[in-house]
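**Student:** Protein sequences, first through last, are from chains A and B. Residue 38 is where the first sequence starts when you use our numbering, and the numbers rise one by one after that. Residue 51 is where the second sequence starts when you use our numbering, and the numbers rise one by one after that.
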Amino acid sequence: MVELILGKFNYLIAIALAMIGFYAMIAKSNLIKKIIGMNIFQTAVFLFYISIGKVHGGTAPIVWDKAVLYDNPLPHVLILTAIVVSVSTTAVAFALIIRIQKAFGTIEEDKIIEIKRNGYKGDME
Amino acid sequence: MAIDILLLLILVIIAIAAIHMKDLLACGVLLGGYSLIMAVLWTNLNAVDVAFTEASVGAGITTVLLIAAISRTKRREDDPSPFRHKVQMSIIVLASTAVFVFALLDAPNFGDPNAPANQHVAPRYIHESSHETGVLNMVTAVLASYRGYDTLGETTVIFTAGMCLVMLLRRKNE
Chain A
38 MVELILGKFN YLIAIALAMI GFYAMIAKSN LIKKIIGMNI FQTAVFLFYI
88 SIGKVHGGTA PIVWDKAVLY DNPLPHVLIL TAIVVSVSTT AVAFALIIRI
138 QKAFGTIEED KIIEIKRNGY KGDME
Chain B
51 MAIDILLLLI LVIIAIAAIH MKDLLACGVL LGGYSLIMAV LWTNLNAVDV
101 AFTEASVGAG ITTVLLIAAI SRTKRREDDP SPFRHKVQMS IIVLASTAVF
151 VFALLDAPNF GDPNAPANQH VAPRYIHESS HETGVLNMVT AVLASYRGYD
201 TLGETTVIFT AGMCLVMLLR RKNE
């Protein structure tokens, strides 16, 4: 049991962070809070990938005479791309939230659902 | 190794605090600190390119975007959702956690050089990329040469996101 926890500690923390983010996404009604949760979930996935690429005794994947083992460079490349994509999705999400605030006057999900249930389509000016 | 464990535990604490706070600006600042600690952790895991991208893009741009969004909406989160809703969602989260941990039982240990992820194409990149591309940094070689189309696709994503922002946020009467 101790061996399992210590041997896979990075992965366990990645799961914990992902679940914290997931909880924020489904349980909080504030839209900005949901996006913060999404960000935490994304970084948890990044942590998982980078941990997979780490090799015991490996050095950074840059050519060096004294290096015996290198870490796996492929997860680093994939995560570099993923970080930029995650910022793009965050930016679009915030722009949508600003439009929702303009249209409904609130960014709380339960209140928006209630307003829509009363037949109000939103003021798109 | 000990510093890794310490940093990971700090990350979990900051994440819980960022979810718990009612003041959204405080959440944003916490998220910036979270990204910074993540960057330190990645330097420690030898992912140096990822570390500086995270420090500039994750800690910098995301925080700026968050503060911009808060300044145009509201700073405080309203009163929380009902207790029953929270309990239901916690059950879903706990069930997903159980599934993930169960899947983890069969995974190779952290740092295992013989793990399948480190045996497929990675040796080829490590041994051949400096001859084939002339770039000493393997991450750059893979990013710009072997997976160049991937980077082109990433640029397309950024362009699309920029167009979305322009279309969503422009003012009509100008």
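Virtual Cβ for every residue (Gly too), placed ideally from N, Cα, C.
Taking three-plus beta-carbon pairs below 8 angstroms as touching, is the stretch 170 to 187 of chain B in contact with the stretch 105 to 114 of chain A?
**Tutor:** Judged by Cβ distances under 8 angstroms, the stretch 170 to 187 of chain B makes contact with the stretch 105 to 114 of chain A, as three or more pairs qualify.
**Student:** Three or more beta-carbon pairs under 8 angstroms between the stretch 150 to 158 of chain B and the stretch 66 to 82 of chain A, yes or no?
**Tutor:** At 8 angstroms Cβ cutoff, the stretches do not touch.
**Student:** Any chance you could list the alpha helix (DSSP H) runs of at least 4 consecutive residues sitting entirely within the stretch 92 to 177 of chain B, in chain order?
**Tutor:** Whole alpha helix (DSSP H) segments, 4+ residues: 98 to 103, 112 to 122, 133 to 154.
**Student:** Can you tell which of A:102, A:111, A:120 has the C-alpha that lies nearest to the C-alpha of residue 34 of chain B?
**Tutor:** This structure cannot settle anything about residue 34 of chain B, because the visible part of chain B is limited to 51 through 224.
**Student:** For residue 162 of chain A, which residues of its own chain have a beta-carbon under 6 angstroms away from its beta-carbon, when the five flanking residues on both sides are left out?
**Tutor:** Annotation note: pLDDT 49 at residue 162 of chain A (below 50); position unreliable, coordinate value reported separately. Hits under 6 angstroms: none found.
**Student:** Could you give the residue range of the alpha helix (DSSP H) that holds residue 145 of chain A?
**Tutor:** Unbroken run through residue 145 of chain A: none, as it is neither H nor E.
**Student:** Strictly under 7 angstroms for the Cβ-Cβ distance: is residue 150 of chain A near chain B by that measure?
**Tutor:** By this cut-off, residue 150 of chain A is not an interface position.
**Student:** So for residue 214 of chain A, helix, strand or coil by DSSP?
**Tutor:** With chain A covering 38 to 162 only, the question about residue 214 of chain A has no answer from this structure.
**Student:** Can you list, in chain order, the residues of the stretch 207 to 222 of chain B whose Cβ is nearer than 7 angstroms to any Cβ on chain A?
**Tutor:** For the stretch 207 to 222 of chain B, which is checked against every Cβ of chain A, the residues closer than 7 angstroms are 207, 208, 211, 214, 215, 218, 219.
**Student:** Classify residue 65 of chain A: buried if its beta carbon has 16 or more other beta carbons within 10 angstroms, exposed otherwise.
**Tutor:** Answer is buried; the Cβ neighbour count reaches 16.
**Student:** Rounded to whole angstroms, what's the CA-CA distance from residue 206 of chain B to residue 170 of chain B? Just pull it up for me.
**Tutor:** Those two C-alpha atoms are separated by around 28 angstroms.
**Student:** Could you check if residue 136 of chain A belongs to the surroundings of the ligand GDP, using beta carbon to heavy atom distance under 6 angstroms?
**Tutor:** Among the components modelled here there is no ligand, and therefore nothing to report on the ligand GDP.
**Student:** Using beta carbons (cut-off 7 angstroms, strictly below), is residue 94 of chain B in contact with chain A?
**Tutor:** Not an interface residue.
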